[in-house]
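The structure appears right after this line, and notes come after that.
Numbering (the UniProt record's numbering), first residue to last: 1 to 153.
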């Protein structure tokens, strides 16, 4: 058997590690690259491709942050629409479901620093009904599609 064999214990362990979610601490949103540890992340940050991405970000940071914010909001609302269309649910529950997707947009690459700020934004823009309770923030998806259909019919 060769050193780089597919069925070696090391190769199997590496595939298992790569399969699951890793710590967000070593994730580069700009390059969409996940590193397994601090050393890997450090090496990635020194790489030429990362430096190019950061230069691009520096040239038009507002456009990139706005794009990430829009994508985050759309994905979050799509999840609400699919899974919790007619229910009042804790914002943290929906957020935890959202981050279970391995390829989600990180909140710290958007214009919102916290989930609370994002939830308040959804309330201000009328996309969700928002309530603050002692148990946290609760949101209810406002279904515009069925609203417009019922007005026409």
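Using N, Cα and C, we set each Cβ at its ideal position, and we do this for glycine too. Just so we're clear, the structure is a prediction, and the values are computed from it rather than from any experiment.
Tell me the DSSP secondary structure of residue 142 in three-state form. DSSP places residue 142 in coil when its eight states are reduced to three.
Can you check DSSP and say which residues form a bridge with residue 28? Paired residue(s): 33.
I'd like to confirm the pairing. Which residues does DSSP put opposite residue 128 in its beta bridges? According to DSSP, which records beta bridges pairwise, residue 128 is partnered with 141.
Rounded to whole angstroms, what's the CA-CA distance from residue 132 to residue 83? Just pull it up for me. Cα to Cα, the separation comes out at about 21 Å.
Same chain only: Cβ atoms within 8 Å of residue 93, ignoring 5 sequence neighbours per side: The answer is none, since no qualifying residue turns up.
When we look at the beta-carbon of residue 6 and count the other beta-carbons within 10 Å, is it buried (16 or more) or exposed? Exposed, because fewer than 16 other Cβ atoms sit within 10 Å of the Cβ of residue 6.
Roughly how many angstroms separate the alpha carbons of residue 124 and residue 39, rounded to a whole number? Cα to Cα, the separation comes out at about 42 Å.
Three or more C-beta pairs closer than 8 Å, one from the stretch 105-121 and one from the stretch 59-76: is that the case here? With the cut-off at 8 Å, the stretch 105-121 and the stretch 59-76 touch.
Tell me, to the nearest whole angstrom, how far the beta carbon of residue 51 is from that of residue 30; I am working on the premise that it is less than 8 Å. Residue 30 and residue 51 do not touch by the CB rule: their CB atoms are close to 10 Å apart, not below 8 Å.
Return the residue from the list 97, 62 and 11 that minimises the CA-CA distance to residue 79. Closest by alpha carbon: 97.
Look up residue 114 in the DSSP assignment and say whether it is helix, strand or coil. Residue state, collapsed to three classes: coil.
Grab me the residues of residue 25's own chain with a C-beta within less than 7 Å of its C-beta, minus the 5 sequence neighbours each way, in chain order. Only residues of its own chain outside the window of five on either side were considered, and among them none has a CB closer than 7 Å to the CB of residue 25.
Rounded separation between residue 179 and residue 140 - CA only: Residue 179 is absent from the model: the chain starts at 1 and stops at 153.
Alpha helix (DSSP H) segment containing residue 52, residue limits: Under the DSSP assignment, residue 52 falls in the alpha helix (DSSP H) whose first and last residues are 48-59.
Boundaries of the alpha helix (DSSP H) in which residue 96 is found, first to last residue: 91-99 is the span of the alpha helix (DSSP H), which, as asked, contains residue 96.
Going by DSSP in three states, residue 85 sits in which element: helix, strand or coil? Correct three-state label for residue 85: coil.
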